[in-house]
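Report on the following structure.
Protein chains: 2
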Amino acid sequence: MSDFSFVGKPTPMIDGGAKVTGKLKYTADLKIPGLLNARFVLSTYPHAKINGIDKEEALAVPGVQAVVTAKDLPDMPPVSRTKLMLARDRVLFVGHPVAVVLADTETAAADGAELVMVDYEPLPAATNIDEAMAEDAPLVWPNGRVSGAGDEAAHGADAGDSGDDDKEDEEKPSNIAGTSKTVKGDVEKAFADADVIIERTFETPMVHQSSIETQRVIAQPNPITDGVTIWGSMQSPFGTRLEVAETLGIPESDVQVHAMPVGGAFGAKFGLYEPLVALLAVHVGQPVRLTLTRSEELLTTNPSPPLRFTAKVGFKNDGILAAMQANVICDSGVYPTGLGGFSAFQFAAFYPCENLLLESTNVLTFKQSVAAYRAPTAPTAFMAIETIMDEAAEKLGMDPIDLRIMNAAKEGDTIPDGSEFPVIGMIETLEAAKEHPLWKNREESKKQGRGVGVAIGGWMGGLEPGAAVCKLNRDGVLQVQLGAADLSGTPTTFTMLAAETFGVDPDKIRFVYSDTNSGPYAGGVGGSKTTYTLGNAVIRAAEDARQQTFAIAAEEFEVSAEDLEIVDGKVQVKGYPDRSLDLGAIAGKAMTFGGKYDPVHGSGRQSVTDRAPSFAAQIAEVEVDEETGEVNLVNLAVIQEVGRALNPMAVEGQMHGGATQGVGWALYEEMRYDDDGQLLSGSWMDYAVPDAVQAAPIHTHIVEIPSISGPFGARGVGEPPIIPTMGAIANAVADAAGIRMTQAPMTAPRVLEALQSKN
Amino acid sequence: MSDFSFVGKPTPMIDGGAKVTGKLKYTADLKIPGLLNARFVLSTYPHAKINGIDKEEALAVPGVQAVVTAKDLPDMPPVSRTKLMLARDRVLFVGHPVAVVLADTETAAADGAELVMVDYEPLPAATNIDEAMAEDAPLVWPNGRVSGAGDEAAHGADAGDSGDDDKEDEEKPSNIAGTSKTVKGDVEKAFADADVIIERTFETPMVHQSSIETQRVIAQPNPITDGVTIWGSMQSPFGTRLEVAETLGIPESDVQVHAMPVGGAFGAKFGLYEPLVALLAVHVGQPVRLTLTRSEELLTTNPSPPLRFTAKVGFKNDGILAAMQANVICDSGVYPTGLGGFSAFQFAAFYPCENLLLESTNVLTFKQSVAAYRAPTAPTAFMAIETIMDEAAEKLGMDPIDLRIMNAAKEGDTIPDGSEFPVIGMIETLEAAKEHPLWKNREESKKQGRGVGVAIGGWMGGLEPGAAVCKLNRDGVLQVQLGAADLSGTPTTFTMLAAETFGVDPDKIRFVYSDTNSGPYAGGVGGSKTTYTLGNAVIRAAEDARQQTFAIAAEEFEVSAEDLEIVDGKVQVKGYPDRSLDLGAIAGKAMTFGGKYDPVHGSGRQSVTDRAPSFAAQIAEVEVDEETGEVNLVNLAVIQEVGRALNPMAVEGQMHGGATQGVGWALYEEMRYDDDGQLLSGSWMDYAVPDAVQAAPIHTHIVEIPSISGPFGARGVGEPPIIPTMGAIANAVADAAGIRMTQAPMTAPRVLEALQSKN
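In order, the protein sequence lines correspond to chains S and L. For the first sequence, my numbering gives the first residue as 1250, with consecutive numbering after it. For the second sequence, my numbering gives the first residue as 1250, with consecutive numbering after it.
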């Protein structure tokens, strides 16, 4: 660690001050002349024919400039939610946008939206998987399936997805959007030979990413080209550029996307309404802004899917895994996803087993479509496997952590997709959990009437090529340029990487996040891949800039570049501190009229292909109120393997944040629809995001097993800490109260019901 | 020529449509919330003590937010005009800004400015060089000289400047801002041995660059850092960044400069009020915009200096130059420049002579300071030498073009700065002029009572390092990124260079001009150096992108990169058109989740050090009205050597524009001050810029002698065509009317006076 000047030192966020003082400007702070405010008219039916839309009263509201419906926009095949735009003829879910009111002020737009009269003819709807899979169920897409791009691709799922692709039933239209199946070995025989078999069905609800900042985007027609300029809260500016270009039917180079500072995203901001808002702006020839209210955010975005996860695992008496089987039914809402198969894959990914049967079915329902949420579907998959591990340990009379270690993946083991694990730290993470005081003192907890549970979660990690640029300025500052979205504290970590590599203090680094015209390519920020992949581009660009700087100094001092070093902001001849030049002066020798040196303009490109799976184990300590069923989370330990903690403060922030969201999954959050497809938890008064007290004291412990290709050995850290929380808390509840919870969130009524069934 | 696909083909400006339809947005079109409009209170005296400034009435105007004077701003040493800011205690010229009114609207600011009451105590002023050099003249800077950065540096003057630096008179404060002297050989003896000696004194007035768009700039304080963001009409964004940073006392990396589209610059927009407006914005904590009116543009900017140019040249009877002598007095206004010495240098630069004496004196006067204007001071220097060449040819009985060819510089000749000429085309330009119909038919002109005159002008050309970036997108478009200002049609030429190099059609190239945060370094656009130097960076970046693209395709096709070619937007294996991939598809293989190739992100850096002097000869045909003295320009031929005409249409545009401005110098333009230092030509009603009819039919002829280091052999083309016009017209007037005009503009009264003196 002490080899580094900056890497590994806890470093506060460079933009933290601006964020907490409100100085940082977000999309909503942008003032653009001539801007029209957009407000949706949302469907109040889960399924209905639109017999007519009366715009007249809305248009009479002072300030309302236009009311736009699907008929006003190009008729595109509704191949995905981002292409769905506005409902055309039929509404397909409660919250489906039917019309957009464009007005000079937010108020006028809202008033106008109230006055758009939609003549609905209600149709039967199937709003959950059972109804949707029933014979003669009303069909979301009666004319055949639409093909939807699975959002999991953006989160690292594809390379690790289960072998078989989703199969389409070509024969008869149904709500089955796709199925997947992975078979390995002989599962039937293996179960027959197993000594202990545990089979359970788990259910987790639709959960919302719940960013503080709702979805928002501004689109402005380019006055010269047919293109548009987009500003928005987003994770993937280059992805948004492509989506908008496809929608408008123009080259992506004519779309300029500014990724604004992001007030939370968590997988929900890989693109949703940007193409629609771009179409609206082009339609009216004026800039248009869409800002969702919290209620709209809950009604008409893309939360994570409800899953029904049936798992069966067989063990030999010595604890060795004999067979694993999963059948996942994923409630996809109105558009297909591949998230069911992804969940099944994760269930089996990190406990290598010779005999596997993984099946999934993605079902269309009359609900809003679904997408990624931090470690998409992994919390459910790991609730399944980790609950079963716990129960098996109990039945086998083994220590639950030892059982996991015995079966854990290690370097060289086979992943279900056929590839091999590189160096990973699953076992080291479990061993660290075993040493954690919360685990070691669990008998003490028991005496106090509490229960302690453990679980682990693993994440394959995403990969994507990207580039970075480093320019040296005349003030000795190295400007580092990226085209990525500025999310989750990466500027601070990248500043440290650039400082470490170039050889200056972090205050001599300035980060520039450029728009898609000016910035080097970067993938979406998500899937725990940004620091892991783009960090390498930053390091290479800084190295390039360092060599270019040395090349100038070498000529000035008439020495070889190898004889130079950077000390205290100066390039000096090694061993001759009096032969030195300020970095700014070196930059200035190129940045001047008649200069004879090329400007220092370093580039770094990367396409890392080594994966770096990472792990988080969690230990939960709970009290269960036997009278009310209420679960009180007393302590939560997060033990995470991060390769190299480049900025331990940022890593711990991710561990806290992920675990807190995990607590939400476990105990609080549920988007509940009634049988008529109406959302019951349509505001933050009803939809319960845990507060600071509810999240319990979180104790972090970092483990470091350097990765092959990460910057200074780092691995992605974003997703793992949300994965094991549900399982750890379920196991703690089992420890405390002797009940196995299989449905999340583990609310008081559900726990009480389980307690009553037990007695 | 036919080796090229695009280079050399006349190509209309890619942004021409947007410019002529008003779609392109300039600085004045920017709408920034909270913007305050700035309006100057300008001095009405050339020299006065400020006893007090009463802001009260101005502040009472509704909408006026602040009235700012020098006392409200940091007290900086007034080392240059850009640092002068507002008058402190004394005003030094008519038009000197004394206060700034900041208001919500332009109107309120103007009303406020009318009501600021300044209590002046008039002081004696010296407003021309004779008064200023007189014994006991009132001193502009009584406490000693200020040092001023000569603007000629930005225009290619420094490397070619005369040997001796300006010498300061340390003894006694005076208005002499500096002198220079270059001596070579034995001038006295050479004149004594000469057969023909011509000595004349030429005078050219203060002339304004007269852009259609006046000076304008917006500064906005950065909400997070101590920095500012600047938008403006400017030639040098990176130069402006440094100037503003120095003024605010912050690192240049904290200043972000957006160079907006420019409605004319011609040397006047290398920085003037940007630092002041930045200070004002920081002072009030709001964005501030300054937009000069035409009258202010004439009163308080930085036109080209009045020059008194005394020249003496001796010839042997065979026409060989024996000695050259020049003494230039430059009226610098309130700040020093080195423009006098630069003018003297140019006089002798292109006619190598063994015996030289070049002297200059830069004199401070109570007038606005001066700066560069297209080929700064060269029109005067060439009026001197080219008039003398013409007169000498007459006396020697030689053809005036032959006399020039005999003495013209060629490859290997010595430049007065001691360096050697590379391959140049001065002789070829003169030979082309000799063959021009306007010259060959001059006897015919004579018969019609007209006169024909010839002159040549040469320009050393500027140099500056710079970089460019080329990104390949998924639509097969190559985005080319520069950090330069977008001026004089360079995007069109650079598009052709990128298309030619990368191997695609120009419509698959998109140009991106980025701000100083996001853009690669580039010098100011001026000095005929942009295409010559940055063109190389574009070519290198496109080459780099091509190689990166081939590297991906080579791996895909499992062939060597040398076996690939780009045809019709596809990379294909040579000879196997069926083995091909669209460029967009290749880009997409890197720009995707899990991609295994580095994104195509080419960089090009350059620091060309070879100069590429270039030449324009002009032939003027005139009629002189002997009754009124009016000179009627009938035809003007521009014969220009450009190395390689990358875009002949753009080159011809420069030839037309330069020659038209030359006509303004010769016949119309003069900023006339009365003895009290009041500007008499303070509007475009009084200051005469030639209109389309006055500019006469201009006939262009391009000569191409490829340069060593220019892109595809190109040379700079911007400055040469303004240089010889005054000389050519003066010689045509001599041919028509037998009078030698030595004072510009050659207005009817001056010509009439000369005609009367002759008779």
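Here a beta-carbon is modelled for each residue, glycine too, at the ideal position from N, C-alpha and C. These figures come from a predicted structure and were not determined experimentally.
| field | Interface residues of the region 1827-1856 of chain L facing chain S [CB-CB below 8 Å] | value | So the close ones are A1839, M1840, T1841, F1842, G1843, G1844, K1845, Y1846, D1847, P1848, H1850, S1852, R1854, Q1855 and S1856.
| message | I need the DSSP call for N1471 of chain L, collapsed to helix, strand or coil. | response | Locating residue 1471 of chain L in the second sequence gives position 222, where the first residue counts as 1. Under the three-state reduction of DSSP, N1471 of chain L is assigned to coil, being neither helix nor strand.
| Residues that D1724 of chain L contacts on chain S, provided the C-beta gap is smaller than 8 Å | Sequence index remark: in the second sequence, residue 1724 of chain L carries index 475 (1-based). Within 8 Å Cβ-Cβ: A1494, P1500, E1501 and S1502.
| Count the other CB atoms within 10 Å of the CB of G1266 of chain S; is the residue buried (16 or more) or exposed (fewer)? | Numbered from its first residue, the first sequence carries residue 1266 of chain S at position 17. Label assigned to G1266 of chain S: exposed.
| In chain L, what lies closer than 8 Å to A1267 of chain S by C-beta? | As a first step, residue 1267 of chain S is located in the first sequence; it is residue number 18 there, counting from the start. Chain L residues near A1267 of chain S: P1472 and I1473.
| said: Taking the beta strand (DSSP E) that W2015 of chain S belongs to, which residues open and close that run? | reply: Because residue 2015 of chain S is not part of the residues shown, which for chain S are 1250 to 2008, the question remains open.
| said: Output needed for G1962 of chain L: all residues of its chain with C-beta closer than 7 Å, excluding positions within five of it in sequence on either side, in chain order. | reply: For the purposes of this step, residue 1962 of chain L is taken as residue 713 along the second sequence, with counting starting at 1. Cβ within range, chain order: G1892, R1893, P1955 and S1956.
| task | Pull up the distance between the alpha-carbon of S1984 of chain L and that of V1857 of chain L, whole angstroms please. | result | On the second sequence, position 735 is the one that residue 1984 of chain L refers to. On the second sequence, position 608 is the one that residue 1857 of chain L refers to. What sits at residue 1984 of chain L in the sequence shown is Asp, not Ser. If you take the alpha carbons of D1984 of chain L and V1857 of chain L, they lie about 43 Å apart.
| field | Contact with chain L by A1716 of chain S, beta-carbon distance below 8 Å | value | Locating residue 1716 of chain S in the first sequence gives position 467, counting from the first residue. So, interface residue.
| request: Identify the contact partners of Y1770 of chain S in chain L, using a Cβ-Cβ distance below 8 Å as the criterion. | output: Position 521 of the first sequence holds residue 1770 of chain S. Contact note: Y1770 of chain S reaches chain L through K1720, A1839, M1840, P1848 and H1850, using a C-beta cutoff of 8 Å and chain order.
| Quick one: what does DSSP say K1819 of chain S is sitting in, helix, strand or coil? | Taking the first sequence and counting its residues from 1, the one referred to as residue 1819 of chain S is at position 570. It is a strand residue.
| Just the Cα atoms here: how many angstroms apart are E1305 of chain S and D1353 of chain S? | Along the first sequence, read from residue 1 onward, the residue named residue 1305 of chain S stands at position 56. Along the first sequence, read from residue 1 onward, the residue named residue 1353 of chain S stands at position 104. For E1305 of chain S and D1353 of chain S, the gap between their C-alpha atoms comes out near 17 Å.
| request: Work out the CA separation of M1334 of chain S and E2024 of chain S for me, nearest whole Å. | output: Any answer about residue 2024 of chain S is impossible in this case: the structure gives chain S only from 1250 up to 2008.
| request: Go ahead and label A1941 of chain S buried or exposed: buried means 16 or more other beta carbons lie within 10 angstroms of its beta carbon, across all protein chains shown. | output: Taking the first residue of the first sequence as 1, we reach residue 1941 of chain S at position 692. Looking at its Cβ environment, which holds fewer than 16 other Cβ atoms inside 10 Å, A1941 of chain S is exposed.
| Which chain S residues are close to L2015 of chain L, counting only those with a beta carbon under 8 Å from its beta carbon? | The requested residue 2015 of chain L does not occur in the structure, where chain L is confined to residues 1250 to 2008.
| request: Compare the beta carbon distance of R1921 of chain S and P1454 of chain S with 8 Å and say whether it is the shorter of the two. | output: In the first sequence, counting from the first residue as 1, residue 1921 of chain S sits at position 672. In the first sequence, counting from the first residue as 1, residue 1454 of chain S sits at position 205. Yes, the Cβ-Cβ distance between R1921 of chain S and P1454 of chain S is below 8 Å.
| query | Closer than 8 Å, CB to CB, is R1759 of chain L near chain S or not? | reply | Within the second sequence, numbered from 1, the residue matching residue 1759 of chain L stands at position 510. Interface residue, yes.
| task | Output the boundary residues of the alpha helix (DSSP H) element that contains N1980 of chain L. | result | Translated into positions along the second sequence, residue 1980 of chain L becomes position 731. Start and end: T1974 to A1986.
| message | Any beta carbon of chain S sitting closer than 8 Å to that of G1646 of chain L? | response | Along the second sequence, one-based indexing puts residue 1646 of chain L at 397. Not an interface residue.
| message | Give me the residue from S:M1573, S:P1960, S:V1822 and S:W1933 with the minimum Cα distance to A1441 of chain S. | response | Residue 1441 of chain S sits at position 192 when you count from the first residue of the first sequence. Among S:M1573, S:P1960, S:V1822 and S:W1933, the Cα nearest to that of A1441 of chain S belongs to S:M1573.
| said: Let me make sure I understand the geometry here. Which of S:N1690, S:G1853 and S:G1725 has the alpha-carbon closest to that of G1784 of chain S? | reply: The residue given as residue 1784 of chain S occupies position 535 in the first sequence. The shortest C-alpha separation from G1784 of chain S is found at S:G1853.
| query | Given a threshold of 16 other Cβ atoms within 10 Å of its Cβ, counted over all protein chains shown, does V1526 of chain L qualify as buried or as exposed? | reply | Taking the second sequence and counting its residues from 1, the one referred to as residue 1526 of chain L is at position 277. Burial check for V1526 of chain L: the Cβ neighbour count within 10 Å reaches 16 or more, so the residue is buried.
| Which residue's Cα is closest to the Cα of A1297 of chain S: S:I1263, S:V1256, S:V1389 and S:V1726? | Position 48 of the first sequence, counting from 1, holds the residue named residue 1297 of chain S. Nearest of S:I1263, S:V1256, S:V1389 and S:V1726 to A1297 of chain S, Cα basis: S:V1389.
| message | Output needed for I1637 of chain L: all residues of its chain with C-beta closer than 8 Å, excluding positions within five of it in sequence on either side, in chain order. | response | The residue labelled residue 1637 of chain L in the question sits at position 388 within the second sequence. Answer for I1637 of chain L: I1447, R1449, A1560 and V1562, listed in chain order.
| task | Find the residues of chain L that neighbour Q1730 of chain S, judging by a C-beta separation of less than 8 Å, and give them in chain order. | result | The sequence position of residue 1730 of chain S within the first sequence is 481, counting from 1. N1766 and S1767, listed in chain order.
| task | Please classify S1863 of chain L: does DSSP put it in a helix, a strand, or coil? | result | Locating residue 1863 of chain L in the second sequence gives position 614, where the first residue counts as 1. DSSP places S1863 of chain L in the strand class (E or B) of the three-state scheme.
| message | Check whether chain L comes within 8 Å of T1858 of chain S, counting only Cβ atoms and requiring the distance to be less than that. | response | Numbered from 1 along the first sequence, position 609 holds the residue referred to as residue 1858 of chain S. Yes - at least one Cβ of chain L is within 8 Å of the one on T1858 of chain S.
| task | Determine the DSSP secondary structure at K1304 of chain L, reduced to helix, strand or coil. | result | As a position in the second sequence, residue 1304 of chain L is number 55, starting the count at 1. Under the three-state reduction of DSSP, K1304 of chain L is assigned to coil, being neither helix nor strand.
| request: Provide the residue span of the alpha helix (DSSP H) that contains N1656 of chain L, from first to last. | output: By one-based count along the second sequence, residue 1656 of chain L stands at place 407. It spans P1649 to N1656 - the alpha helix (DSSP H) in which N1656 of chain L sits, taken as one unbroken run.
| message | Once the 5 residues before and after K1819 of chain S are set aside, which same chain residues still bring their CB inside 8 Å of it? | response | Position 570 of the first sequence, counting from 1, holds the residue named residue 1819 of chain S. Same-chain partners within the cutoff: S1829, L1830, D1831 and L1832.
| query | Considering Q1505 of chain S, what are the terminal residues of the alpha helix (DSSP H) in which it resides? | reply | Stepping through the first sequence from its first residue, residue 1505 of chain S is reached at position 256. Looking at the DSSP string, Q1505 of chain S is not in any alpha helix (DSSP H); the run it does join, the beta strand (DSSP E), is V1504 to A1508.
| query | Would G1587 of chain S pass as a contact of Q1617 of chain S if the rule is Cβ separation under 8 Å? | reply | Numbered from its first residue, the first sequence carries residue 1587 of chain S at position 338. Numbered from its first residue, the first sequence carries residue 1617 of chain S at position 368. In this structure, G1587 of chain S sits away from Q1617 of chain S, with a CB-CB distance that is not shorter than 8 Å.
| message | Tell me which residue opens and which closes the alpha helix (DSSP H) that I1801 of chain L is part of. | response | Taking the second sequence and counting its residues from 1, one reaches residue 1801 of chain L at position 552. DSSP places I1801 of chain L in the uninterrupted alpha helix (DSSP H) bounded by G1784 to F1806.
| request: List the residues of chain L that G1752 of chain S touches, going by C-beta distances under 9 Å, in chain order. | output: To locate residue 1752 of chain S, count along the first sequence from 1; it is residue 503. None at all; the shortest Cβ gap to chain L is about 17 Å.
| field | Where the alpha helix (DSSP H) through E1437 of chain S begins and ends | value | In the first sequence, counting from the first residue as 1, residue 1437 of chain S sits at position 188. Unbroken alpha helix (DSSP H) run through E1437 of chain S: V1436 to D1442.
| field | L1885 of chain S in three-state terms, based on DSSP | value | Taking the first sequence and counting its residues from 1, the one referred to as residue 1885 of chain S is at position 636. Strand.
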